[in-house]
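Quick note, the sequence shown lines up with residues 625 to 918 if you use our numbering. Virtual Cβ for every residue (Gly too), placed ideally from N, Cα, C. Everything below concerns the one structure shown next.
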Amino acid sequence: MPELPEVETIVNDLRPQLAGRRIESVILTRDPAIRGRLVRHPSATKFVRRLRGRTIKAVERRGKYIVMPLDPPAAAKNSNRGVETSGERVIVHLGMTGHLRVWEPEETPVKHTHFRALLDSGLELRYDDPRQFGRLVVGSLDELIAARAFPARLGPEPIRGDLTEAEFERLVKARRRPVKSALLDQTFLAGVGNIYADEACFRAGIRPSRWTHRLTLRERRALYAAIQDVLENSIAARGSSIINYVDGFGLRGSNQEKLLVYGRSGEPCLKCGTPLQGTRLAGRGTVYCRKCQR
């Protein structure tokens with residue numbers, strides 16, 4: 625699943641191509657089963673209607689979500705109901721295998737293209753998803769939360785200065801759960817997933833099974849720095865293309881070449897040579913070094 629660095633990369637790629645562009649028309653897959661899985665709110669018909677003619681104001685990221693605020697529709701701008709419809713946004717979650725890219729209209733849609741939006745620039749925004757775990761929604765935040773189409777709570781962003789070291793220390797100390805379980809909890813930190821949880825624990829020298837409230841001050845600070853480092857380094861490398869992730873231009877990232885533990889169970893630790901251990905934690909495959917992580 626694309627995590628914070630991958631989604632951040634896609635958002636940065638899409639922003640100059642989408643911000644300020646008007647959506648002229650929308651095409652959804654004709655398969656009703658796929659439409660029902662893909663468009664979580666509102667209905668597919670209303671989704672198309674609410675996008676058509678709207679202008680994308682910006683392209684942003686919240687956790688693992690791509691967020692595109694929309695200008696109010698023309699009818700709302702000319703009525704007293706503008707407040708009710710303002711604040712609407714398209715939100716995309718890529719799931720396991722989703723891709724969101726801008727294409728030339730003459731380019732043949734790739735297999736599993738389920739959503740197409742023709743822009744006033746003449747280009748098309750397309751979403752394809754072989755495994756169909758991704759989702760698209762449109763509405764105000766209150767509406768989407770009420771419909772359970774968007775989380776009511778997301779934790780702070782772990783990069784961009786949104787989370788201070790002191791605040792992170794307080795959050796960690798208040799938790800009573802394994803470190804990796806906490807890192808994967810999107811109400812604790814927004815955007816960290818399996819790849820970067822393993823990598824951050826290794827760089828901090830902390831076993832992912834350690835309990836958060838038992839970490840020392842030094843360990844909490846080391847974990848904070850490690851999370852920042854692994855996320856920012858991956859963004860600089862344009863994400864980790866482990867299976868089928870590609871950026872907003874259809875290109876692979878290179879951070880997978882820099883991973884120290886993720887996906888390397890049984891291989892020698894790159895720091896000490898000890899075979900890396902593989903286990904299950906928080907329902908996810910987890911890799912760590914018995915010698916380097918305490």
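Within the same chain, Arg876, Gly877 and Gln880 come within 6 Å of Ser865 by CB-CB distance, once the 5 residues on both sides are set aside. Ala773 and Arg639 have their C-alpha atoms roughly 23 Å apart.
A Cβ-Cβ separation of about 4 Å places Glu627 in contact with Gly817 under the 8 Å criterion.
Per DSSP, Asp744 lies in no beta strand (DSSP E) and is assigned neither H nor E. Shown here, Arg831 sits in coil according to DSSP, grouped into three states, outside any helix or strand. For Gly758, the closest C-alpha among the options Met720, Val734, Thr737 and Leu747 is that of Met720. Spanning the alpha carbons of Tyr912 and Pro802 requires a straight line of approximately 14 Å. DSSP, read as helix, strand or coil, puts Leu807 in helix. In terms of Cα proximity to Pro666, the closest of Gly644, Cys916, Arg713 and Ile634 is Arg713. Taking a C-beta distance under 8 Å as the contact criterion, Glu632 and Ile867 do not qualify as a contact pair.
When rounded, the separation of the alpha-carbon atoms in Glu891 and Asp822 is 15 Å.
His723 is bridged by DSSP to Asp752. Around the beta carbon of Ser649, a 10 Å sphere encloses fewer than 16 other beta carbons of the protein chains shown; the residue is thus reported as exposed. Residue state for Ser667 is assigned as coil, using DSSP reduced to three classes. Close CB contacts of Arg862 within its chain, under the 6 Å cut and outside five residues either way in sequence, are with Thr633, Asp871 and Gly877 (chain order).
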